[in-house]
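Encoded as structure tokens, the structure appears first; notes follow it.
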Amino acid sequence: MGALYHEVCGTPQGRDVVLLHGWSLNLGVWAGLVRELGAHFRVIAIDLPGHGRSDWDPRAATPAAQAWRVHETLLPLTERYALLGWSLGGQLALDLAAALPASVERLVLIATTPKFLKAPGWRCGTPRPLLARLAHRLHAEGERAVSDFLALAVRGSAPRTAARALHKLRDALRTHGAAQPEALASGLARLREGDLRAALPLVRVPALVVAGQRDRVIRPAASRALARALPEGRYVEVAGAAHVPFLSHPVQFVRQVGAFLHG
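Just so we're aligned, residue 2 is where the sequence shown starts under our numbering, counting upward by one.
Structure below.
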């Protein structure tokens with residue numbers, strides 16, 4: 002297995018910030034954030050396995066193996082870094098922070114939940130029919146599942162704000178490449194089966210959990226619960242934002258995250 006596709010931008014002497022995108026997308030979603038953070042930090046954006054320009058290796062389909070591929074990609078680049086993950090990328094960021102406490106110095110989790118689906122004892126999870134519809138679309142119509150997800154990711158924001166965010170998501174896919182079907186299926190399987198709640202006490206670094214007030218994919222209550230469960234977690238909610246606050250409300254997002262990363 003080789004390194005995942007990645008891009009390094011920003012200030013060479015700055016502290017390192019690693020960006021992990023969400024399901025079905027690629028590092029292109031971070032273009033605006035890279036410009037903002039790059040003035041002060043060295044930014045490393047990674048295409049997750051089977052997404053964008055990274056290959057999909059069926060031998061590395063488990064969450065642990067995917068986290069290890071990210072770690073192997075980072076080894077030649079940096080020894081210690083802040084880690085920022087969005088949605089499914091946030092779960093991968095939690096995996097890395099729990100397993101590699103010496104490497105991760107700060108953690109930003111955007112629209113992230115330790116357990117995606119609603120279950121007994123986890124009432125703030127997402128209802129099962131939403132994931133079932135995505136999985137059915139992926140099996141029956143392929144790209145339609147991604148289109149449905151993108152529309153859901155911006156739903157809840159004001160119409161013009163949602164339209165701008167949706168354009169940026171689609172543009173990232175068009176210019177940088179779509180995810181492979183095997184990677185999409187693997188991501189949905191993780192959301193269906195995964196539960197990181199037991200690992201949260203191991204994540205002993207300052208963590209900022211950012212939620213969109215109107216997120217229809219991951220409920221803000223789930224992100225609040227995540228922040229409470231992390232030993233050094235704090236919670237921020239972006240008013241009027243849906244699942245992509247870094248695209249829909251970039252000024253508010255950069256202000257909060259930039260202050261946190263500067264420590």
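The beta-carbon is built from N, C-alpha and C at its ideal position, and this holds for glycine as well.
Starting from residue i, trace the beta strand (DSSP E) both ways and give me its first and last residue.
i	result
aspartate 17	16-21
glutamate 238	234-239
From the DSSP secondary-structure annotation, give me the bridge partner or partners of residue i.
i	result
phenylalanine 1	The requested residue 1 is not part of the displayed model; the chain covers only 2 to 264.
serine 158	Arg156
histidine 7	Ile47
arginine 107	Ala83
leucine 118	Thr127
phenylalanine 150	In DSSP, phenylalanine 150 forms no bridge with anything.
phenylalanine 42	Arg16
My guess is that residue i and residue j are in contact by the Cβ rule of under 8 Å, so how many angstroms apart are they, rounded?
i	j	result
glycine 23	serine 88	3 Å
valine 258	valine 109	6 Å
arginine 48	asparagine 27	The sequence shown places aspartate at residue 48, not arginine. Yes, aspartate 48 and asparagine 27 are in contact; Cβ-Cβ is about 5 Å, under 8 Å.
valine 206	glutamate 233	6 Å
leucine 231	leucine 189	With 8 Å as the limit, leucine 231 and leucine 189 do not qualify as a contact, their Cβ atoms being about 25 Å apart.
glycine 51	alanine 180	6 Å
arginine 43	leucine 262	Not quite, the Cβ-Cβ distance comes to about 12 Å (not below 8 Å), so this is no contact.
valine 225	leucine 209	What sits at residue 225 in the sequence shown is arginine, not valine. At roughly 13 Å, the Cβ-Cβ gap does not stay under 8 Å, so arginine 225 and leucine 209 are not in contact.
alanine 32	alanine 163	That belief does not hold up - the Cβ atoms of alanine 32 and alanine 163 are roughly 18 Å apart, past 8 Å.
phenylalanine 247	leucine 21	With 8 Å as the limit, phenylalanine 247 and leucine 21 do not qualify as a contact, their Cβ atoms being about 12 Å apart.
Using a threshold of 8 Å, state whether the C-beta atoms of residue i and residue j are closer than that.
i	j	result
proline 97	histidine 72	With the sequence shown as reference, residue 97 is identified as leucine, and proline is not the correct amino acid for it. Yes; because the gap between Cβ atoms is below 8 Å, this pair is in contact.
alanine 228	cysteine 125	no
aspartate 216	lysine 116	no
alanine 4	threonine 113	no
valine 255	isoleucine 111	no
valine 155	valine 245	yes
glycine 171	leucine 151	Checking the sequence, you will find arginine at residue 171 rather than glycine. Going by C-beta atoms, arginine 171 is nearer than 8 Å to leucine 151.
arginine 193	leucine 132	yes
serine 104	arginine 81	yes
alanine 141	serine 249	no
glycine 53	glycine 178	yes
leucine 203	alanine 65	no
glycine 29	alanine 184	no
valine 218	threonine 127	yes
arginine 16	alanine 83	yes
arginine 129	lysine 119	yes
histidine 7	alanine 46	yes
leucine 139	alanine 62	no
Need the endpoints of the alpha helix (DSSP H) that residue i sits in, please.
i	result
glutamate 37	32-38
tryptophan 69	64-75
aspartate 100	Checking the displayed sequence, the identity of residue 100 turns out to be alanine instead of aspartate. That run of the alpha helix (DSSP H) goes 89-100.
phenylalanine 247	246-249
Write down every uninterrupted run of the beta strand (DSSP E) in the region 160-226 whose length is 3 residues or greater and which is fully enclosed by it, in chain order. 208-213
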